[in-house]
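The structure appears below as structure tokens.
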Amino acid sequence: MSSFPSNQPKNTIEFKEGVPISKLFDDVYFSKEGGWEESLYVFFNGNEVGTKIKDGTQSIYRIGELGFGSGLNLFVTLDNWKSLENPKSITFVSLEGYPLNAETLPTLNKSYPDKTLWYEELITSYEIAKDTWEKDKNKNLWTYIWDHKTNKSQFTLNVYFGDIQICLPSFPTINSWYLDGFSPSKNPDMWSPEILSILRDKSISGTSFATFSSAGFLRRNLIELGFVVEKKKGYGRKREMVSGFLE
Ligand SMILES: C[S@@+](CC[C@H](N)C(=O)[O-])C[C@H]1O[C@@H](n2cnc3c(N)ncnc32)[C@H](O)[C@@H]1O
Numbered sequence: 001m002s003s004f005p006s007n008q009p010k011n012t013i014e015f016k017e018g019v020p021i022s023k024l025f026d027d028v029y030f031s032k033e034g035g036w037e038e039s040l041y042v043f044f045n046g047n048e049v050g051t052k053i054k055d056g057t058q059s060i061y062r063i064g065e066l067g068f069g070s071g072l073n074l075f076v077t078l079d080n081w082k083s084l085e086n087p088k089s090i091t092f093v094s095l096e097g098y099p100l101n102a103e104t105l106p107t108l109n110k111s112y113p114d115k116t117l118w119y120e121e122l123i124t125s126y127e128i129a130k131d132t133w134e135k136d137k138n139k140n141l142w143t144y145i146w147d148h149k150t151n152k153s154q155f156t157l158n159v160y161f162g163d164i165q166i167c168l169p170s171f172p173t174i175n176s177w178y179l180d181g182f183s184p185s186k187n188p189d190m191w192s193p194e195i196l197s198i199l200r201d202k203s204i205s206g207t208s209f210a211t212f213s214s215a216g217f218l219r220r221n222l223i224e225l226g227f228v229v230e231k232k233k234g235y236g237r238k239r240e241m242v243s244g245f246l247e
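In full-length UniProt numbering, the protein residues as written are 1 to 247.
Written as structure tokens, this is what we have:
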């Protein structure tokens with residue numbers, strides 16, 4: 001199995017005011033204004049994750065993310081999970097075809113100095129997994145686990161390295177989706193009908209989703225697959241975002 005065609009294009013990163021920008025996709029990893037708050041608003045609150053995980057039971061809550069990038073959505077979700085007294089266990093499953101270099105990751109810490117983001121042990125673990133995948137494309141899963149301080153729940157991170165077409169079929173059944181590719185016009189393979197159909201297969205009745213994109217074709221494709229789709233006010237000055245659930 002190969003997780004990319006041999007002619008995979010190179011992704012180069014540049015920084016503008018602390019925000020990583022992909023030169024390959026010509027797009028930002030997160031917004032300059034309020035990246036943390038936007039992630040909280042669009043993905044965590046857009047899926048009502050806080051309400052769904054607040055009472056710990058045996059069941060595990062599974063979040064699926066398309067596009068791990070800098071890990072910002074992970075840290076926002078982890079921070080909120082840690083702040084709850086008795087949360088459910090979470091499995092946060094993500095994928096990434098163009099993993100950032102380990103040296104780039106701590107730059108995120110400078111943008112949010114009062115938060116716990118990329119610490120040394122976590123970066124080392126990421127780097128080992130990324131190096132392993134670069135040498136052998138079959139070994140493409142990075143796993144890391146956090147224990148909760150007041151109950152016995154755990155937060156498990158699973159990131160698959162490789163192209164979305166290879167990685168998404170490995171996902172388990174998901175309860176909430178964070179659809180966070182680059183904008184659809186710049187990153188069409190993250191939002192294609194084929195990908196959305198795999199996403200539908202990995203969903204169950206009630207599975208929710210949220211995305212910053214309100215593109216008409218995306219809403220139509222999701223509705224066709226059986227999702228209820230709702231347009232909402234976007235974060236800050238952004239006009240719209242979209243969320244919904246599978247009927
Ligand atoms: C907007 S960024 C994600 C931001 C991320 N959630 C964060 O918190 O920093 C989109 C991500 O999707 C990845 N991506 C784009 N096309 C992909 C593909 N075909 N397969 C896998 N990953 C892809 C990019 O490399 C990028 O990291």
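We put the CB at the ideal spot given by N, CA and C, even for glycine.
Taking 8 angstroms as the cut-off, the beta carbon of Gly-236 is found closer than this to the beta carbon of Glu-38.
Here DSSP, grouped into helix, strand and coil, assigns Pro-113 to coil.
Sequence-distant Cβ neighbours of Val-28 in its own chain, meaning closer than 6 angstroms and more than five residues away, are Val-19, Ile-21. Within 7 angstroms of the C-beta of Ser-185 there is not a single heavy atom belonging to ligand 1. Taken atom to atom, the span from the alpha-carbon of Gly-56 to that of Asp-189 is near 36 angstroms.
Listed in chain order, the non-local C-beta contacts of Pro-169 below 7 angstroms within the same chain comprise Ile-198, local neighbours out to five positions each way being set aside. Just measuring C-alpha positions, the residue of Leu-66, Asn-73, Asn-80 sitting nearest Lys-149 is Asn-80.
Secondary structure of Phe-25 (DSSP, three-state): coil. By the Cβ criterion, the region 113-122 is not in contact with the region 170-185, since fewer than three pairs of Cβ atoms, one from each stretch, lie closer than 8 angstroms. Residues Ser-214, Glu-240, Val-242 of the same chain have their beta carbon placed closer than 7 angstroms to that of Lys-231, with the five preceding and five following residues left out of the count.
Note on geometry: alpha-carbon atoms of Val-49 and Asn-158 lie some 18 angstroms from one another. DSSP places Tyr-235 in the coil class of the three-state scheme, outside both helix and strand. At a threshold of 7 angstroms, Leu-72 counts as near ligand 1, since its beta carbon sits closer than that to one of the ligand's heavy atoms.
Within the DSSP bridge table, the entry for Trp-142 names Val-159 as partners.
Listed in chain order, the alpha helix (DSSP H) elements of length 4 or more contained wholly in the region 201-247 are 216-224.
About 22 angstroms separates the Cβ atoms of Leu-66 and Ile-145, ruling out a contact at the 8 angstroms cut-off. Phe-92 has its alpha-carbon roughly 14 angstroms from the corresponding atom of Phe-161.
Check the Cα spacing between Ser-94 and each of Phe-212, Lys-202, Cys-167, Val-229: the tightest is with Cys-167.
Burial is judged here by how many other beta carbons sit within 10 angstroms of a residue's own beta carbon; Ile-195 has at least 16 and is buried. Closer than 7 angstroms to some heavy atom of ligand 1: that does not describe the Cβ of Leu-218. Taking 8 angstroms as the upper bound for CB-CB distance, Leu-105 and Ile-123 are in contact here, some 6 angstroms apart. DSSP, reduced to helix, strand and coil, places Tyr-178 within a strand of the structure shown.
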